[in-house]
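Structure, as structure tokens:
Residue numbers (this note's numbering): 13 to 151.
Okay, here's the thing in structure tokens:
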């Protein structure tokens, strides 16, 4: 297990498992991720303000856009309300069926949808610590 940086080491929820996927599986995942990201960028599916997991974007670009919006509203004499949501572990809670339907809505073909479905189905994780392995849990 690896502890997430800067968090309390006594809280077990601050640790994440180390993946032991085979080398070829990781290589395929990287190729698919690059091609999929490129497709989303070239097709303009992503909101211009989407900053996470995009090259050339960061929390800094998101913050600059937010501050700019707040100043523009102030200049127009408008009030602003800022709601911040903690979406930590958002990827752990995504519904795979919804995600596959969204991919289909983006025009992904049957081969791509089948690959994603296969990739997401029947996968488990377990933790090995001190010579003891936990029972498998679905991903």
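Don't be surprised by glycine CBs; every beta carbon is placed ideally from N, CA and C. All values reported here derive from a predicted model rather than from experimental measurement.
Check: What residue range does the alpha helix (DSSP H) around residue 56 cover?; Outcome: Per DSSP, residue 56 belongs to no alpha helix (DSSP H) and is neither H nor E.
Check: Comparing C-alpha positions only, which one of 112, 116, 146, 84 sits nearest to residue 4?; Outcome: Since the first residue of the chain shown is 13 and the last is 151, residue 4 is not available in this structure.
Check: Less than 6 Å between C-beta atoms, sequence neighbours within five positions excluded: which residues of the same chain meet that for residue 138?; Outcome: 145, 146, 148
Check: Alpha carbon to alpha carbon, how far is residue 62 from residue 69? Give it in angstroms, no decimals.; Outcome: 8 Å
Check: Alpha carbon to alpha carbon, what distance is there between residue 100 and residue 127?; Outcome: 27 Å
Check: Taking the continuous alpha helix (DSSP H) assigned at residue 109, which residues delimit it?; Outcome: 108-117
Check: Once DSSP output is grouped into helix, strand and coil, what is the label at residue 144?; Outcome: strand
Check: So for residue 137, helix, strand or coil by DSSP?; Outcome: strand
Check: Verify whether the separation of the beta carbon atoms of residue 19 and residue 30 is less than 9 Å.; Outcome: no
Check: Does the beta-carbon distance from residue 118 to residue 56 come in below 9 Å?; Outcome: no
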